[in-house]
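Participant: Structure below; questions to follow.
Residue numbers (my numbering): 8 to 203.
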């Protein structure tokens, strides 16, 4: 069975009903592994070796986080700096093993969808604001997929949270199915890299 790794970056998960609902919906999916990065690294000091191992063992990667001032939480940036710098600048032969890794995002935002556009308070579509992550995936040779975006995250009713969880689980199932061929294609390449 393939492994879908969800790295969850939230500075205060107990205050996020939306992200908790999303994780609860993703948890029972076959092959899904969730790592609560804030719980693992409350001081922000990433264990690079452990995280490189976790990432290299994954068949797919989901970065889940709340959008904060048009950016990721600081811990996600710290993870990128530690893990991706190690894999692509210090040990590029290890980083080559991530080539073709499917990656997507699950991002929550507090404002309404209409706020993310030329006439809205945030000026740009949320997907455009997340472009640096897409560029990072491209730079690392990963296969980017459209993100799962949840708006009004702190204003959703219990029914809306349940529906958001169902939508997220359905999104992940579709994505896992759609990337099955890419995951299978990576397996022989990884064996070749390991033998080199």
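Cβ atoms here follow ideal geometry from the backbone N, Cα and C, with glycine treated the same way.
None of these values were measured; they are calculated from a predicted model.
Does the distance from the C-beta atom of residue 112 to that of residue 133 stay below 8 angstroms?
Facilitator: On the chain shown, position 105 is the one that residue 112 refers to. On the chain shown, position 126 is the one that residue 133 refers to. No, Cβ-Cβ distance for residue 112 and residue 133 is not below 8 angstroms.
Participant: Could you give the first and the last residue of the continuous beta strand (DSSP E) run that contains residue 40?
Facilitator: Numbered from its first residue, the chain shown carries residue 40 at position 33. It spans 39–43 - the beta strand (DSSP E) in which residue 40 sits, taken as one unbroken run.
Participant: Roughly how many whole angstroms lie between the Cα atoms of residue 158 and residue 119?
Facilitator: Sequence index remark: in the chain shown, residue 158 carries index 151 (1-based). Sequence index remark: in the chain shown, residue 119 carries index 112 (1-based). Between residue 158 and residue 119, the C-alpha separation is close to 6 angstroms.
Participant: How is the beta strand (DSSP E) around residue 183 delimited, first residue to last?
Facilitator: The residue labelled residue 183 in the question sits at position 176 within the chain shown. Unbroken run through residue 183 is the alpha helix (DSSP H), 165–185; no beta strand (DSSP E).
Participant: Could you tell me the distance, in whole angstroms, from the CA atom of residue 152 to the CA atom of residue 50?
Facilitator: Working through the chain shown from its first residue, we reach residue 152 at position 145. Working through the chain shown from its first residue, we reach residue 50 at position 43. About 31 angstroms.
Participant: Between the segment 9–25 and the segment 60–71, are three or more C-beta pairs nearer than 8 angstroms?
Facilitator: Yes: the two stretches touch, three or more of their Cβ pairs being nearer than 8 angstroms.
Participant: Helix, strand or coil, according to DSSP, for residue 151 in the structure here?
Facilitator: In the chain shown, residue 151 corresponds to position 144, counting from 1. Looking at residue 151 - three-state DSSP - the assignment turns out to be strand.
Participant: Could you tell me whether any non-hydrogen atom of the ligand NAD is closer than 7 angstroms to the CB of residue 72?
Facilitator: Of ligands this structure carries none, so the ligand NAD is not represented either.
Participant: Which residues in the same chain have their Cβ closer than 6 angstroms to the Cβ of residue 66, if we skip the five residues on either side of it in sequence?
Facilitator: Locating residue 66 in the chain shown gives position 59, counting from the first residue. Once the five neighbours on either side are set aside, the close Cβ partners of residue 66 are 9, 10 and 190.
Participant: Can you look up residue 276 in the DSSP assignment and give me helix, strand or coil?
Facilitator: Lying outside 8 to 203, the shown extent of the chain, residue 276 is not represented and no answer is given.
Participant: Is the segment 92–103 touching the segment 115–129 in the sense that three or more CB pairs, one from each, lie closer than 8 angstroms?
Facilitator: The segment 115–129 vs the segment 92–103: no contact.
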